[in-house]
Structures are given as C-alpha cells and as structure tokens.
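Chains as they are written, first to last, in this note's numbering: chain A, 1 to 101; chain B, 1 to 134.
Even glycine gets a Cβ: it sits at the ideal position worked out from N, Cα and C.
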C-alpha cells in the first residue's frame, strides 16, 4: 500500500517536512509543493535528509512552485520535477494520500 | 514630521503565504512618509529576492520586479543574512541585482544589497526605532 505524502511547508520554518520524512514508509512517494519546494534545493542544510529519504522512497517536486521562487535548475539530483498533470498522476498511482499541513 | 529609523524584517518565502507581498506594500507606503527605511531578509525571507522568479505556472503575480523599484523611493539598504543564504544552498549570485542611484555621488549606480552576518544584523537592528515584522 503505497502512500503519497504531500508537503507544503518550508523545512526551515516548520517541522512538518521533518515529521513527514519520519513517518513515510519504504516505497512511498513524497511530493514537495508551495513553500516546501525550497527543500528540493541542492546543498542546503536540509538536503541531506531528503537525500536519505531517496534510499527507499521516491521524491518529487512541483516545477511551477520551484520556478515561482526562482529555484528552477537548483533542485538536487534524484528529485523528479513534475507539473500539475504529474501531480494528478501521483495521486492516482498511489493507494492513499496524506497532506502534511 | 520627524524622521525615524524604520526596519522591515522579512522572514517568509514568497507566494506560499501573503507575508512577503504585504511587507512590500507597507514598505512602499512608508516611502511616501520619507522615513529612513531599511529592509532585512532573514531565514526564508531570502527567497523573496531570488532572481529568475517565474510565477506564471502557479497563476500568481510575480511581484519580485517591484524590489528593483525600491531604489527610486530612496530605499537603498537591503540587509541580507549570509547564514540564511548558506543554510539554503544559496549565494548572492542567486539574488537579483538590486541597485540605486546615489544622488550624493553624481547618481552613480550602487548595490542596495548589503550582506551581513548575524552579529552585524543584530547591530543594525539595535539602531532602529520602529521595527515591523513579516
């Protein structure tokens, strides 16, 4: 039973992203949207945690939210950039969805 | 009307919440009252002035070009936290080139962004008379 975890808070401001990573299971998918997309940037003090999650989970980031914040092209390797159609696919292809508000 | 040292502290990323835009609105209003205005970009606030922002995909107005106009309103001191940039994997090269024309120096174009560490930021804050936080 794969779950899609959706995070929308910056990991530098709230603990929601940390909590998501702590509760996600192997085989789950994690999608960063809105302010959470800053967590996808390479070389930050948070990037190590995202990299660790990639060991057994797939990690995605919403491209339009990256672009809005001028962070297009700064996403770390291994994070898949998706558009809104990709967002829909993720919700459809996972059994359940959990939003970490 | 007396002139005071005003500081606007920006600590939130743009677009996810309305804080950044609201701060900018109040900053522009304050310019009309001819106060000595400084801006601080700390924590996620540094994302407000990244270059290349393109918000078409999220259907929101890209208000980052407005920061370029601040110099014309005599708002020329934008203090950016070096620690906040580093923690986020960013450098000053990831920020917009914000400048102003110095009327006291033959209108020479000068940078508005002042990179400071926490200690220097604290010293600048200690000089303020009115602090508004966003």
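First and last residue of the uninterrupted alpha helix (DSSP H) at residue i
i: residue 67 (chain B); result: 65-69
i: residue 33 (chain B); result: Where residue 33 (chain B) is concerned, there is no enclosing alpha helix (DSSP H), given that its DSSP letter is neither H nor E.
i: residue 91 (chain A); result: 84-93
i: residue 108 (chain B); result: From DSSP, residue 108 (chain B) is part of no alpha helix (DSSP H) but of the beta strand (DSSP E) over 108-111.
Alpha-carbon to alpha-carbon, residue j and residue i
i: residue 53 (chain B); j: residue 91 (chain A); result: 27 Å
i: residue 110 (chain B); j: residue 101 (chain B); result: 6 Å
i: residue 35 (chain A); j: residue 103 (chain B); result: 38 Å
i: residue 50 (chain A); j: residue 25 (chain A); result: 14 Å
i: residue 29 (chain B); j: residue 126 (chain B); result: 23 Å
Beta-carbon contacts of residue i that lie in its chain and below 7 Å, excluding the five residues immediately before and after
i: residue 78 (chain B); result: 39, 41, 98, 112, 113 and 114
i: residue 31 (chain B); result: 37, 73, 74 and 75
DSSP state of residue i mapped onto helix, strand, coil
i: residue 121 (chain B); result: helix
i: residue 77 (chain B); result: strand
i: residue 21 (chain A); result: helix
i: residue 21 (chain B); result: helix
i: residue 5 (chain B); result: strand
i: residue 8 (chain A); result: coil
Beta-carbon proximity of residue i to residue j, cut-off 8 Å
i: residue 47 (chain A); j: residue 41 (chain A); result: yes
i: residue 66 (chain B); j: residue 116 (chain B); result: no
i: residue 31 (chain A); j: residue 62 (chain A); result: yes
i: residue 97 (chain A); j: residue 6 (chain A); result: yes
i: residue 72 (chain A); j: residue 44 (chain B); result: no
i: residue 58 (chain B); j: residue 19 (chain B); result: no
i: residue 93 (chain A); j: residue 3 (chain A); result: no
Close beta carbons around residue i, own chain, < 8 Å, minus the five adjacent residues each side
i: residue 124 (chain B); result: 7, 38, 40, 79 and 116
i: residue 46 (chain B); result: 80, 81, 84, 85, 88, 90 and 95
Sequence-distant residues of its chain with Cβ nearer than 6 Å to residue i (five each side left out)
i: residue 60 (chain A); result: 31, 80 and 82
Range covered by the beta strand (DSSP E) that runs through residue i
i: residue 45 (chain A); result: First-last for residue 45 (chain A): undefined, no H or E at that position.
i: residue 99 (chain B); result: 99-102
i: residue 72 (chain A); result: Run containing residue 72 (chain A): none; DSSP gives neither H nor E here.
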